[in-house]
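Q:
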Amino acid sequence: MILFIGGCRTSVIVPPQENQTITKSHILRVGTLYGSQIYMFNDNGPSGFDFEMAEKFAKYIGLPLDMKPYSDRSSLFRALEQGKVDIVAAAFQQTPRRSRRFRCSPPLYKVDQVLIYRKDTRAPVNIDDIKEPISVMADSSYEETLIELKQTHRNLTWTPIYGKDNEELLEMVDRGEIKYTISDSTIVKVNQRFMPEIRKGVVIEKQQPVVWMLPATHSDQMLSQLLSFWHQERKAGTIEFLKEKYFGHVKKFDYVDTRAFIRAVSSVLPQYQPLFELHGKELDWRKLAAASYQESHWKPAARSFTGVRGMMMLTSRTAKELGITDRLDPAKSIRGGATYLKNMLNKLPDAIPENQRMWFALASYNIGFGHVIDARKLAVKLNLNPNAWRDLKKVLPLLQQRKYYQKLKYGYGRGKEVVHYVDSIRRYYDTLLWIDQQSTRKQLKQSLIATI
């Protein structure tokens, strides 16, 4: 056994071989909220950082998983106290009040609480410079922070908002309906791709831990199992992998590019979407469409200085090999690009996990399969994981350094550009996914409210 000092109290880690059934219902009931990075559905099924961790934990303890979404945090917390769920997993920050009320897991990651304002609004330089009320979610960690700050910043005011979640308040700032709100730094990075008018301002509270929560009593065994699981998954790199998957490609925000992409989604994509859906059935058509936008901005006659042309920017040699007679024909170009991308996927070693293969394939599409193989071999020499995209991102830029590329089979490669290329496609893909999810999310939330 291992003694672990957690965020809320001391617990004992139970090794996997000592695992026992820990819920009376023989089902792991995880309470959550809908959110693009928490728990959401798309054509490929459920997704989200918290969902994937919950799925792994359920497998670890040998129980089926029941994700139970709630319409708001108050009803979710009540459900935990009333024994209707075993764990709450919804990107909640650990606060003093919550630590007194519940038991907390170790941190998944840490975030800053930041002031959010609209691009055309003057940015306050510090907390005392905030002259108007801040609209915040009622009973949230943000409101708890403001209550504490009020003791030293007497002029600080806010309006608690009921019935709205964090993303809805960000949308209200984006539309100019409210002046300020508070959000965590990760949520802002993710949502700036969809709400290009919002901006991060002064930091309200630094490095707040994001945790899962358990009941205050009768949860010793559950918590010890969770701590054991956390220890295993952190050592295995799972948490870092999920952080990279959901947040790692959103570090840089480009206002002009984001606005242009959102406009193109409404004005250009509809005429080509049927082609992407037709030829992207095995790929997820949104990833194919995102790759096409990165290649050509969905312009059929696009041309680069290297001679590649069309919606999918095929070389004349590749087009010939694929039987594409006209690279400027959108249907033929998209079909050719989809076929070539599938070829790259099929050539990849089986050791690369399914959920990362597309990023390796896109890198191969851009820089060439040989350079990707070189990068994987170099990763091994540098004691990095050749099958993890987060590690290959570190290695690819080294293909531009002589001390590395002179020893590689395929030599010099524009690795920095490849990382930017794949990260851009991931951002475009996430935006397309988000647009599709919004109507679903609102319908699901309305149906949850209707059942209360």
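So the sequence shown is numbered by this note's numbering: it starts at 537 and just counts up by one. Don't be surprised by glycine CBs; every beta carbon is placed ideally from N, CA and C.
1. Nearest-angstrom Cα distance between R690 and D608?
2. First and last residue of the beta strand (DSSP E) that includes E818?
3. Using a Cβ-Cβ cutoff of less than 7 Å, which residues in the same chain neighbour K883 once the five nearest sequence positions on both sides are dropped?
4. With DSSP as the reference, please indicate the residues paired to S583 in a beta bridge.
5. With a Cβ-Cβ cutoff of 7 Å, do T681 and E741 count as a contact?
6. So what's F628 in DSSP terms, helix, strand or just coil?
7. Could you check the C-alpha separation between D675 and Q937 for me, to the nearest Å?
8. As an exercise, report each continuous alpha helix (DSSP H) stretch of at least 4 residues that is fully enclosed by the segment 862 to 919, in chain order.
9. Between P836 and the rest of its own chain, which residues show a CB-CB distance below 8 Å, the 5 nearest in sequence each way excluded?
10. State yes or no: is the C-beta of T695 within less than 7 Å of the C-beta of S671?
11. Using C-beta distances below 7 Å, list every residue in its chain close to E862, excluding the 5 sequence neighbours before and after it, in chain order.
12. Please report how far the alpha carbon of I541 lies from the alpha carbon of K736, in whole angstroms.
13. Identify whether D927 lies in helix, strand or coil by the three-state DSSP scheme.
14. Is it right to say L968 is buried, meaning 16 or more other beta carbons lie within 10 angstroms of its own, or is it exposed?
15. Roughly how many whole angstroms lie between the Cα atoms of I574 and K939?
16. Just to confirm, is the Cβ distance from P493 to V709 under 7 Å?
17. How many whole angstroms separate the CB atoms of V621 and A615, which I take to be in contact at a CB cut-off of 8 Å?
18. Could you check whether the segment 797 to 807 touches the segment 823 to 836, counting it as contact only if at least three pairs of C-beta atoms, one from each stretch, sit closer than 8 Å?
19. How big is the Cα-Cα spacing for Y901 and V916?
20. Taking the CB atoms as reference points, tell me whether F765 and F593 lie closer together than 7 Å.
21. Provide the residue(s) that pair with S623 in DSSP beta bridges, ordered along the chain.
22. What ranges does the beta strand (DSSP E) occupy inside the segment 699 to 755, keeping only unbroken runs of at least 3 residues that lie completely in it?
23. So V724 and V650 are supposed to be a Cβ contact under 8 Å. How far apart are they, rounded?
24. Identify the residues that DSSP records as bridge partners of V650: which are they?
25. In or out: P600 buried (at least 16 other Cβ within 10 Å) or exposed?
26. Taking just the CA atoms, how far does E684 sit from R962?
27. Who pairs with V672 in a beta bridge, going by DSSP?
28. Under DSSP, the beta strand (DSSP E) around K604 begins and ends at which residues?
29. Where does L968 sit, in a helix, a strand or coil, going by DSSP?
30. Please report the straight-line C-alpha distance between A796 and A827, rounded to a whole angstrom.
31. Looking at the unbroken alpha helix (DSSP H) that takes in T681, where does it start and where does it end?
32. Judging by CA-CA distance, which residue of G949, Y645, G873 and I734 is the nearest neighbour of E704?
33. When you compare the CB positions of M731 and C640, do they come within less than 7 Å of one another, or not?
34. Mapping the DSSP letters down to three states, classify Q973 as helix, strand or coil.
35. If distances are taken between C-alpha atoms only, which option among I663, P643 and Y965 comes closest to Y829?
36. Quick one: what does DSSP say Y645 is sitting in, helix, strand or coil?
A: In brief:
1. The count along the sequence shown starts at 1 and reaches residue 690 at position 154. The count along the sequence shown starts at 1 and reaches residue 608 at position 72. One C-alpha to the other measures close to 30 Å.
2. By 1-based counting over the sequence shown, the position of residue 818 is 282. Neither: E818 is in no beta strand (DSSP E) and is coded neither H nor E.
3. For the purposes of this step, residue 883 is taken as residue 347 along the sequence shown, with counting starting at 1. So the qualifying residues of the chain are F905.
4. On the sequence shown, position 47 is the one that residue 583 refers to. Note: S583 sits in a beta bridge opposite M576.
5. Counting from 1 along the sequence shown, the entry for residue 681 is found at position 145. Counting from 1 along the sequence shown, the entry for residue 741 is found at position 205. Contact flag set, yes.
6. Position 92 of the sequence shown, counting from 1, holds the residue named residue 628. Reduced to three states, the DSSP call for F628 is strand.
7. Taking the sequence shown and counting its residues from 1, the one referred to as residue 675 is at position 139. Taking the sequence shown and counting its residues from 1, the one referred to as residue 937 is at position 401. CA-CA distance, D675 to Q937, rounds to 52 Å.
8. 866 to 883, 890 to 903 and 905 to 917
9. Sequence index remark: in the sequence shown, residue 836 carries index 300 (1-based). G846, M847, L864, D865, P866 and S869.
10. In the sequence shown, residue 695 corresponds to position 159, counting from 1. In the sequence shown, residue 671 corresponds to position 135, counting from 1. Yes, Cβ-Cβ distance for T695 and S671 is below 7 Å.
11. Within the sequence shown, residue 862 is the residue found at index 326, counting from 1. Checking the displayed sequence, the identity of residue 862 turns out to be Asp instead of Glu. Excluding positions up to five away in sequence, the list reads K868.
12. Within the sequence shown, the letter at position 5 stands for residue 541. Within the sequence shown, the letter at position 200 stands for residue 736. At I541, the pLDDT of 34 sits below 50, so the modelled position is not reliable; the number obtained from the coordinates is stated separately. Their Cα atoms are separated by approximately 34 Å.
13. Within the sequence shown, residue 927 is the residue found at index 391, counting from 1. In the structure shown, D927 sits in a helix (DSSP, three-state: H, G or I).
14. Residue numbering aside, residue 968 sits at position 432 when the sequence shown is read from its first letter. L968 should be labelled buried.
15. Numbered from 1 along the sequence shown, position 38 holds the residue referred to as residue 574. Numbered from 1 along the sequence shown, position 403 holds the residue referred to as residue 939. Looking at the two C-alpha atoms, the distance is approximately 42 Å.
16. Here the chain comprises residues numbered 537 to 988, so residue 493 is not present and cannot be evaluated.
17. As a position in the sequence shown, residue 621 is number 85, starting the count at 1. As a position in the sequence shown, residue 615 is number 79, starting the count at 1. About 5 Å separates the two Cβ atoms, so the contact holds.
18. yes
19. Counted from its first residue, the sequence shown places residue 901 at position 365. Counted from its first residue, the sequence shown places residue 916 at position 380. Roughly 22 Å separates the two Cα atoms.
20. Working through the sequence shown from its first residue, we reach residue 765 at position 229. Working through the sequence shown from its first residue, we reach residue 593 at position 57. Pairing F765 with F593 gives a Cβ-Cβ distance under 7 Å.
21. Locating residue 623 in the sequence shown gives position 87, counting from the first residue. It is Ile, not Ser, that sits at residue 623 in the sequence shown. Per DSSP, V566.
22. For the beta strand (DSSP E) assignment, the uninterrupted runs of no fewer than 3 residues enclosed by the segment 699 to 755 are, from N- to C-terminal side, 716 to 720 and 734 to 750.
23. Position 188 of the sequence shown holds residue 724. Position 114 of the sequence shown holds residue 650. Indeed they touch by this definition, with Cβ atoms about 6 Å apart.
24. Translated into the one-based positions of the sequence shown, residue 650 becomes position 114. DSSP output for V650 lists S719 and V739 as bridge partner(s).
25. To locate residue 600, count along the sequence shown from 1; it is residue 64. Answer is exposed; the Cβ neighbour count stays below 16.
26. Position 426 of the sequence shown, counting from 1, holds the residue named residue 962. Position 148 of the sequence shown, counting from 1, holds the residue named residue 684. Cα-Cα distance, rounded: 38 Å.
27. Here residue 672 refers to the residue found at position 136 when the sequence shown is read from its first residue. In DSSP, V672 forms a bridge with P696.
28. If you number the sequence shown from 1, residue 604 lands on position 68. Element bounds for K604: L601 to Y606.
29. In the sequence shown, the residue the question calls residue 968 occupies position 432. Note: L968 maps to helix in three-state DSSP.
30. For the purposes of this step, residue 796 is taken as residue 260 along the sequence shown, with counting starting at 1. For the purposes of this step, residue 827 is taken as residue 291 along the sequence shown, with counting starting at 1. Spanning the two alpha carbons is a distance of roughly 15 Å.
31. Your numbering for residue 681 matches position 145 in the sequence shown. T681 -> alpha helix (DSSP H) spans S677 to L685.
32. As a first step, residue 704 is located in the sequence shown; it is residue number 168 there, counting from the start. For E704, the nearest C-alpha among the options comes from I734.
33. Position 195 of the sequence shown, counted from the first residue, corresponds to residue 731. Position 104 of the sequence shown, counted from the first residue, corresponds to residue 640. For M731 and C640, no; Cβs fall outside 7 Å.
34. Taking the first residue of the sequence shown as 1, we reach residue 973 at position 437. Looking at Q973 - three-state DSSP - the assignment turns out to be helix.
35. Taking the first residue of the sequence shown as position 1, residue 829 is located at position 293. Ranking I663, P643 and Y965 by CA distance to the CA of Y829 puts Y965 first.
36. Taking the first residue of the sequence shown as 1, we reach residue 645 at position 109. If DSSP states are grouped into helix, strand and coil, Y645 belongs with the strands.
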